[in-house]
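Residue numbers (my numbering): 9 to 127. Accompanying notes for the structure given below.
Dropping the structure here:
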């Protein structure tokens, strides 16, 4: 991926993308609570911290920079998102964004939460 498009994605507001994650899950009979569970697991935010990020309108870059504790099992997330293998993405921030995309995709495809959360 080109550096310029990375910067565009990094600057996107998490609050603008979050409802799209929820909508994608709900279209497949999953819930907002499951989306939140995935985000909290991956980033270490609690519900209040997640809501603050949304309310503050922070970019993806700030959202992930301020994440309390990125989950150590995130390295177990593998597969393809947008035609790119997540485990091969070199930019650490882009990899984190694509990890989240991959987990939401797995949720929408009906995967069990225990498998999504790599337990």
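From the three backbone atoms N, C-alpha and C, an ideal C-beta is built for every residue, glycine too.
Check: CA nearest to the CA of residue 68, picked from 60, 50, 36 and 22; Outcome: 22
Check: Cα-Cα separation between residue 78 and residue 50, rounded to whole angstroms; Outcome: 6 Å
Check: CB contact flag (residue 132, residue 71, <7 Å); Outcome: One cannot answer for residue 132 here, as it falls past the ends of the chain, which runs 9 to 127.
Check: Start-to-end residues for the alpha helix (DSSP H) that takes in residue 56; Outcome: 55 to 64
Check: Straight-line gap, residue 95 to residue 83 (C-alpha atoms, nearest Å); Outcome: 8 Å
Check: Beta carbon of residue 43 nearer than 7 Å to that of residue 30; Outcome: yes
Check: Rounded Cβ spacing between residue 46 and residue 115 (contact assumed at less than 8 Å); Outcome: 6 Å
Check: Option in 15, 56, 126 and 103 with minimal Cα separation from residue 81; Outcome: 126
Check: Beta-carbon proximity of residue 117 to residue 85, cut-off 7 Å; Outcome: no
Check: Whole-Å CB distance - residue 132 paired with residue 76, under 8 Å assumed; Outcome: Look at the range of the chain in this structure, 9 to 127, and you will see that residue 132 is not part of it.
Check: DSSP state of residue 21 mapped onto helix, strand, coil; Outcome: strand
Check: Contacting residues, own chain, Cβ-Cβ under 8 Å from residue 36 (five flanking each side not counted); Outcome: 115, 116, 117 and 118
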